[in-house]
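Taking it in order: structure first as structure tokens, then the write-up.
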Amino acid sequence: MAATPPVRPVSPLLRALLLGPLAAAALWAFLALWPAPGSSAQLFAWTTSPVTAALLGSCYGGAAAMLALAARARSWAEVRVATAASCLLVLLTLAATLADHRELHLRDGTPLGLLAARSWLAVHLAAPLLGLLALAAQLRTRGPAPARTPRLPWWVAVPVATGGALLALLGLALALRAGPLAAHWPWAARPLDVRALGAWSLAIGAALLLASRECEPRRVRGGTAALVLTGLLGLTGLARQGGHVDWHRPGAWLAVLVLTALLGLGLCGYGASAVLDPPRTAAPPDGAGEVEEVRLG
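For the sequence shown, the working numbering gives the first residue as 3, with consecutive numbering after it.
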């Protein structure tokens, strides 16, 4: 039996410098925000409302799951959407942080708040440089792409692309009009809160557009897991903090719609993946003494 050539692997530097550290940072942000969203003044980089803390924590929880799965993936094709979206998010969040750096707990606050703010700023300043080094190492890693698998059906691919475009436009509007929008937000919010949510909207939108371009279940499984987790955590957090929300404002229902759409897109992606490209293993034939290679995914 002819040996199957190895596919283009994930560079060890990409795992060590980008995917692993970002997964750990996202997990820390989730733990600081989502379980106790009313404690951002003591635990997070800046003081935000419980509703914003719950939503940001939901996003970071989904990102932590996606990046943890990406760090374990074997081929570059499986992680390039997660890598591109994470790099974009870091740059957008860095821009939002620098625009409103006075909101950070850099000089006063609890010891944990000071540590959180300084760590937040340090991570976002260091990540772009480390990311460039990691991406350079990945570009030098050679190998063939994995075999093509059945593509996502149009009834999944079209909503993914449409949702990505709408989320990207929403994120751009939030980033550019953070001040005026914060004054009419359906819960207490500062411009930094709106910019941070805008960064997430734009990054998720870009990830969905890239996923629709890949259009293969195997290559976007980590992203679908992130969508499901983000939608579930976000809707749960919004329900828990519903008393802080002005439900008469359209923005409150827009948040519900976005989270529900993320959950639905993630579940559709999982369903299509299970039908079109289920993970399989093959037992060795009797007496042959050979093991068939497990399909990537």
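C-beta: ideal position from N, C-alpha, C; glycine also.
Under 8 Å, do L210 and G166 count as touching if we go by C-beta distance?
Within the sequence shown, numbered from 1, the residue matching residue 210 stands at position 208. Within the sequence shown, numbered from 1, the residue matching residue 166 stands at position 164. It is a contact, given that the beta carbons lie within the stated cut-off.
Nearest-angstrom Cα distance between P219 and A274?
Locating residue 219 in the sequence shown gives position 217, where the first residue counts as 1. Locating residue 274 in the sequence shown gives position 272, where the first residue counts as 1. One C-alpha to the other measures close to 7 Å.
When the Cα atoms are used, what is the spatial distance from L174 to V9?
The residue you call residue 174 lines up with position 172 of the sequence shown. The residue you call residue 9 lines up with position 7 of the sequence shown. The alpha-carbon atoms of L174 and V9 are separated by roughly 36 Å.
From L96 to W48, what does the alpha carbon distance come to, in whole angstroms?
By one-based count along the sequence shown, residue 96 stands at place 94. By one-based count along the sequence shown, residue 48 stands at place 46. Distance between the alpha carbons of L96 and W48: 14 Å.
Three-state secondary structure (DSSP) of S13:
Along the sequence shown, one-based indexing puts residue 13 at 11. Three-state result, S13: coil.
In its own chain, which residues sit with a C-beta less than 6 Å from the C-beta of A136, not counting the 5 before and 5 after it?
Taking the first residue of the sequence shown as 1, we reach residue 136 at position 134. The answer, listed in chain order, is L15, L16, L19, L20.
By alpha-carbon positions, which one of L69, E105, A55, L264 ends up nearest to L169?
For the purposes of this step, residue 169 is taken as the residue at position 167 of the sequence shown. Among L69, E105, A55, L264, the Cα nearest to that of L169 belongs to L264.
Hey, could you find the ends of the alpha helix (DSSP H) R246 is sitting in?
Sequence index remark: in the sequence shown, residue 246 carries index 244 (1-based). Strictly speaking, residue 246 in this sequence is His, with Arg absent from that position. Neither: H246 is in no alpha helix (DSSP H) and is coded neither H nor E.
Less than 8 Å between the beta carbons of V2 and G268, yes or no?
No answer is possible for residue 2: it lies beyond the span of the chain, which begins at 3 and ends at 299.
Beta-bridge partners of W122, as assigned by DSSP
For this step, residue 122 is matched to residue 120 along the sequence shown. Per DSSP, none; premise fails for W122.
Give the list of continuous beta strand (DSSP E) stretches no shorter than 3 residues that lie fully inside the region 73-99.
none
Same chain, Cβ closer than 7 Å to L69, neighbours up to 5 away in sequence not counted:
Counted from its first residue, the sequence shown places residue 69 at position 67. Same-chain partners within the cutoff: L21, L24, A25, A28, A84, S88.
Short of 6 Å in beta carbon distance, which residues of its chain neighbour H107, apart from the five on each side in sequence? Order them along the chain.
Along the sequence shown, read from residue 1 onward, the residue named residue 107 stands at position 105. G115, L116, A119.
Exposure of V53, with buried meaning 16 or more beta-carbon neighbours within 10 Å
The residue you call residue 53 lines up with position 51 of the sequence shown. Buried.
Judging by CA-CA distance, which residue of F32, A163, A139 is the nearest neighbour of C217?
The residue labelled residue 217 in the question sits at position 215 within the sequence shown. Answer by Cα proximity: A163.
How far does the alpha helix (DSSP H) with W187 in it extend, from its first residue to its last?
Position 185 of the sequence shown, counted from the start, is the residue given in the question as residue 187. Unbroken run through W187: none, as it is neither H nor E.
Any idea what DSSP makes of W36, helix, strand or coil?
Counting from one through the sequence shown, the residue named residue 36 turns up at place 34. If DSSP states are grouped into helix, strand and coil, W36 belongs with coil.
Under a Cβ-count criterion, where at least 16 other Cβ atoms within 10 Å of its own Cβ denotes burial, should R82 be classed as buried or exposed?
Here residue 82 refers to the residue found at position 80 when the sequence shown is read from its first residue. So R82 counts as buried.
Taking the alpha helix (DSSP H) that A18 belongs to, which residues open and close that run?
Here residue 18 corresponds to residue number 16 of the sequence shown, with the count starting at 1. Premise fails: A18 is in no alpha helix (DSSP H) and is neither H nor E.
Could you tell me the distance, in whole angstroms, from the CA atom of G225 to the CA atom of A213?
Residue numbering aside, residue 225 sits at position 223 when the sequence shown is read from its first letter. Residue numbering aside, residue 213 sits at position 211 when the sequence shown is read from its first letter. Cα-Cα distance, rounded: 8 Å.
Own chain, CB closer than 8 Å to R76, minus 5 neighbours either side, in chain order:
To locate residue 76, count along the sequence shown from 1; it is residue 74. The answer, listed in chain order, is V9, P11, V12, L298.
For L154, which three-state DSSP category applies?
By 1-based counting over the sequence shown, the position of residue 154 is 152. Coil, per DSSP.
For G63, count neighbouring Cβ atoms within 10 angstroms of its own Cβ and tell me buried if that reaches 16, exposed if not.
For the purposes of this step, residue 63 is taken as the residue at position 61 of the sequence shown. Burial call: buried.
Let me know the secondary structure DSSP gives L108 once reduced to three states.
Position 106 of the sequence shown holds residue 108. In this structure, L108 counts as coil in the three-state DSSP scheme.
Applying the criterion that 16 or more other CB atoms from any shown protein chain within 10 Å of the CB defines a buried residue, is W249 buried or exposed?
Position 247 of the sequence shown, counted from the start, is the residue given in the question as residue 249. Looking at its Cβ environment, which holds fewer than 16 other Cβ atoms inside 10 Å, W249 is exposed.
For W156, count neighbouring Cβ atoms within 10 angstroms of its own Cβ and tell me buried if that reaches 16, exposed if not.
Locating residue 156 in the sequence shown gives position 154, counting from the first residue. By the 10 Å Cβ count, W156 comes out exposed.
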